[in-house]
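Q: Residue numbers for the sequence shown follow numbering that gives the first Met the number 0, so the first one is 0 and each next one is one higher.
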Amino acid sequence: MTPHAHGTLVESEDFDGILYAQAIRNVLKIDVDEDWSGYRHQTDSGILNEVLERGGVELDRSAANASVKSEFVTLVAAYLADRGNRLPEVPGARAFVDRLSAHPAFHVAVATGGWKETAAMKLRAVGLDPDALNVASGSDAESRVEIMRTAARRALAGRRVDRKTYFGNRPWDRDASRQLDWDFVGIGPDVEHTTRFNDFLDHESIARVLAR
0 MTPHAHGTLV ESEDFDGILY AQAIRNVLKI DVDEDWSGYR HQTDSGILNE VLERGGVELD
60 RSAANASVKS EFVTLVAAYL ADRGNRLPEV PGARAFVDRL SAHPAFHVAV ATGGWKETAA
120 MKLRAVGLDP DALNVASGSD AESRVEIMRT AARRALAGRR VDRKTYFGNR PWDRDASRQL
180 DWDFVGIGPD VEHTTRFNDF LDHESIARVL AR
């Protein structure tokens with residue numbers, strides 16, 4: 000079972016994209032199209048690389064990523080500090096992750112397009128320990144599909160399973176699941192799918208989906 004962090008486990012969509020775009024503007028002094036659906040890869044590293052490409056910015060990609068990431072971490076840290084380093088979880092998310100993590104039949108990972116540092120900050124802000132989860136992020140790859148593969152490898156550690164299920168809140172989460180031939184469970188109103196829940200509160204219904 001592999002959930003996406005941003006917007007699926009953590010209620011962070013009201014600030015995350017705004018601060019990410021601000022970090023790019025602060026560092027690179029260029030405009031940013033904030034319609035994330037128009038990018039090839041909806042990940043922090045993937046979007047930034049395409050912003051550089053679109054803007055004809057001739058900078059070393061790794062140096063640009065490091066500088067923008069550092070600024071983004073600073074902005075997110077300040078945002079969290081103003082709120083006591085706490086964020087609202089998607090209702091039921093932490094209890095659901097804890098419950099599955101303790102179940103011997105499930106191998107849980109977190110796959111997120113955000114950079115590792117900010118993803119960890121957001122997970123901690125809802126009471127989840129990223130060090131106890133198998134987290135793969137936009138620091139591992141710019142492709143969401145590859146991030147998901149990496150998360151699964153870390154969770155499975157060489158074991159084989161019959162099914163993999165991804166929980167996500169955006170169309171690109173669903174589309175990546177289709178590319179990998181994984182099962183998909185939509186969370187929230189922003190993704191259309193035959194299997195979708197508003198949140199994680201109905202543990203039993205979600206468990207029945209996983210047991211099919």
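Note that beta-carbon positions come from the ideal geometry of N, C-alpha and C, so glycine has one too.
Because the structure is a prediction, the values reported are computed rather than measured.
Let me know the secondary structure DSSP gives Asp182 once reduced to three states.
A: Within the sequence shown, residue 182 is the residue found at index 183, counting from 1. Looking at Asp182 - three-state DSSP - the assignment turns out to be strand.
Q: Could you tell me which of Glu10, Gln41, Arg82 sits nearest to Val144, measuring between CA atoms?
A: For this step, residue 144 is matched to residue 145 along the sequence shown. Looking at the Cα atoms, Gln41 is the closest of the given residues.
Q: Between which two residues does the beta strand (DSSP E) containing Phe166 stretch?
A: In the sequence shown, residue 166 corresponds to position 167, counting from 1. Phe166 -> beta strand (DSSP E) spans 164–167.
Q: Here's the rule I'm using: 16 or more other beta-carbon atoms within 10 Å means buried, otherwise exposed. How should Ala151 be labelled?
A: By one-based count along the sequence shown, residue 151 stands at place 152. Result: buried.
Q: Quick one: Cα of Asp130 to Cα of Ile17, how far?
A: The residue given as residue 130 occupies position 131 in the sequence shown. The residue given as residue 17 occupies position 18 in the sequence shown. For Asp130 and Ile17, the distance between alpha carbons rounds to 27 Å.
Q: Counting C-beta neighbours from all protein chains within 10 Å, is the total for Asp139 16 or more, i.e. buried, or is it exposed?
A: For the purposes of this step, residue 139 is identified with residue 140 of the sequence shown, where counting begins at 1. Burial call: buried.
Q: Please state whether DSSP places Val9 in a helix, a strand or coil.
A: What you label residue 9 is simply residue 10 of the sequence shown in a count that begins at 1. Three-state result, Val9: strand.
Q: Mind listing, in chain order, the continuous beta strand (DSSP E) runs of no fewer than 3 residues lying wholly within the stretch 105–193?
A: Listed in chain order, they are 108–110, 133–135, 164–167, 182–186.
Q: How would you call Ile23, buried or exposed, if buried means at least 16 neighbouring beta carbons within 10 angstroms?
A: Here residue 23 is taken as the residue at index 24 of the sequence shown, counted from 1. By the 10 Å Cβ count, Ile23 comes out buried.
Q: Based on DSSP bridge pairs, tell me the residues matched to Phe199.
A: Position 200 of the sequence shown, counted from the start, is the residue given in the question as residue 199. In DSSP, Phe199 forms no bridge with anything.
Q: Can the beta-carbon of Ile146 be found closer than 7 Å to that of Ala135?
A: For this step, residue 146 is matched to residue 147 along the sequence shown. For this step, residue 135 is matched to residue 136 along the sequence shown. Taking 7 Å as the Cβ cut-off, Ile146 and Ala135 qualify as a contacting pair.
Q: With which residues is Glu88 paired in a DSSP beta bridge?
A: Sequence index remark: in the sequence shown, residue 88 carries index 89 (1-based). Note: Glu88 sits in a beta bridge opposite Val9.
Q: Can at least three beta-carbon pairs, one atom from the stretch 184–194 and one from the stretch 161–173, be found at a separation below 8 Å?
A: Yes, since at least three Cβ pairs between the stretch 184–194 and the stretch 161–173 fall closer than 8 Å, the two stretches touch.
Q: Is it the case that the stretch 67–85 contacts the stretch 174–181, given that we only count it when at least three CB pairs across the two stretches are under 8 Å?
A: Verdict: no, contact absent.
Q: Are the stretch 78–94 and the stretch 28–47 in contact at 8 Å, needing three or more beta carbon pairs?
A: Judged by Cβ distances under 8 Å, the stretch 78–94 makes no contact with the stretch 28–47, as fewer than three pairs qualify.
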